[in-house]
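Enquirer: The numbering of the sequence shown is the working numbering, which starts it at 36 and goes up by one. For each residue, glycine too, the CB sits at the ideal point set by N, CA and C. Since this is a predicted model, take the numbers as computed values, not measurements.
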Amino acid sequence: MSSASTQGRGRGWIWLVVARLRGRARADGGDEASRAQRGERRGFPGDLHVWQYRPPMSSASTQGRGRGWIWLVVAALAVVGAGWAAVAVLLPPARVRSMVQAQLAGALSRDVRFADATVGIFPPVRLTVKSPELAEPGGFAAGAAFRADAILLDLDVLALLGRRVVVRRLQVERPALHLVLRPDGSTNLDDIGRAGGAPGPAGGQPMDLELKALGIHDGRLLIDDQKAQKRTTFAVDSRLSLSSQRGGQRVTTAGTTEITDLAFGSLAAARIADLDHSLAALRWKLDHQGVFDAGQKRLALQRLALGFGKTEIALSGVVDDPGPRARLDLRAKGARVDLGDVLEFLAAADAKTVSGIRGSGRLDFDLEIRGALGPDRLPEIRG
């Protein structure tokens, strides 16, 4: 076959393919134009695909949603208003003061007074007792054994109306407690609680108390030891939890206490400034968890840990008749106690006997502490 004939056939095939492609392009263009015309007749722009169209939200739908939000706000305000009205009607100021006075008088055998007691709903429902004071054994003429700027209790109102006090949080602002240790071993706080079964004022039977969180802010404890003629004071900050059942006869507590600004001296010192402040810079940390049974006068300690810087010494066991004549059955354990940490902690004191002291070493111990406390008597230590 000649080359001219072969080239002619090749050119024919090429022209045939080109013609078919042109025809298909015209058909596609016609279809697109037809679709565009149909879209324009239906109200769509010619350059807009139908799937891109979204109908605008109707004004009725928008108004419906707006009304829904309005109703939600109104309902929330109604609930708050109903709660405020319930508190105002069920717990007016006069009744709140009467309830607080009755509860304190029912639980305590001492004279108690306070400036005011109120309940507020915002937020949360909070009972505020301003300037509470507890009298010394001889009454307020002899002074106050306890006083505070304020006691704030965040309450569960429904439980309160059911004669249960559920406190979500209690904050005691700037409390001051005076403890007197008499020569016979008794204290000024021995008869603070009303004896079990002793009748209280009408309507004043103690309620069960559940305290989920307790905070003591900027507290101060003053201890007067009359036999030793010594006076000791220190600042206290605590974060505790507490649960009281059977009208305060059984108390479960746990938490952390920090002791600072320790000062000590003669009982004749009339002012804190007159005491020895050489150990005031030390910060003592005390963790505890235990149960006190007032009927048995027994304190069961699951844990009592005293921290020295990074090191701590832990105790556990039972204390019967807590106080100056307590009977102890305790166990003290320590593992790999760093003596360097203990000495470094003590070296912070402004006292010649320990100032600048240094040392190192490890200490393990397991001790049993048993026996009764008393005048010139210490418990037996084995280990």
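Output yes or no for whether 8 Å exceeds the beta carbon distance between alanine 407 and arginine 362.
Expert: yes
Enquirer: Whose CA, out of Leu336, Gln206, Arg217, Ile258, lies closest to the CA of leucine 275?
Expert: Gln206
Enquirer: Distance, Cα to Cα, glutamine 136 vs arginine 161?
Expert: Using only the alpha carbons, I get a separation of about 17 Å.
Enquirer: Count the other CB atoms, across all protein chains shown, that sit within 10 Å of the CB of alanine 180; report buried if there are 16 or more and exposed otherwise.
Expert: buried
Enquirer: Tell me whether the beta-carbon of leucine 302 lies closer than 8 Å to the beta-carbon of arginine 266.
Expert: yes
Enquirer: Determine, using beta carbons only, whether valine 147 and valine 131 come nearer to each other than 8 Å.
Expert: no
Enquirer: May I ask which residues mark the beginning and end of the beta strand (DSSP E) holding serine 273?
Expert: 265-280
Enquirer: Compare the Cα-Cα distances from arginine 360 to each of Phe175, Ala298, Thr222, Val286 and report the closest residue.
Expert: Thr222
Enquirer: How long is the line joining the alpha carbons of leucine 378 and glycine 342, rounded to whole angstroms?
Expert: 12 Å
Enquirer: Excluding the five sequence neighbours on either side, which residues of its own chain have a C-beta within less than 6 Å of the C-beta of proline 218, listed in chain order?
Expert: Gln261, Lys262
Enquirer: At 3 residues or longer, and completely inside the region 157-186: list those beta strand (DSSP E) runs for me, N to C.
Expert: Contiguous beta strand (DSSP E) elements confined to the region 157-186 occur at 161-165, 168-171, 174-182, taking only those with 3 or more residues.
Enquirer: Use the C-beta contact count for valine 164: other C-beta atoms within 10 angstroms, 16 or more gives buried, fewer gives exposed.
Expert: buried
Enquirer: Please report the distance separating the alpha-carbon of arginine 182 from that of leucine 212.
Expert: One C-alpha to the other measures close to 7 Å.
Enquirer: For histidine 312, which residues in the same chain have their Cβ closer than 6 Å to its Cβ, ignoring the five residues on either side in sequence?
Expert: Ala298
Enquirer: Which stretch, first to last residue, makes up the beta strand (DSSP E) that contains threonine 222?
Expert: Counting along the chain, threonine 222 falls outside any beta strand (DSSP E), and DSSP gives it neither H nor E.
Enquirer: Take the Cβ of valine 202 as the centre, count every other Cβ of all protein chains shown within 10 Å, and call the residue buried at 16 or more, exposed below.
Expert: buried
Enquirer: Considering only the beta carbon of each residue, do leucine 374 and leucine 339 sit closer than 8 Å?
Expert: no
Enquirer: Quick one: measure Cβ to Cβ for isoleucine 186 and proline 172, integer angstroms, because I've assumed they're closer than 8 Å.
Expert: Isoleucine 186 to proline 172, Cβ: 22 Å. No contact.
Enquirer: How many Å lie between leucine 350 and aspartate 309 at the Cα?
Expert: 34 Å
Enquirer: Less than 6 Å between C-beta atoms, sequence neighbours within five positions excluded: which residues of the same chain meet that for histidine 323?
Expert: Leu339, listed in sequence order.
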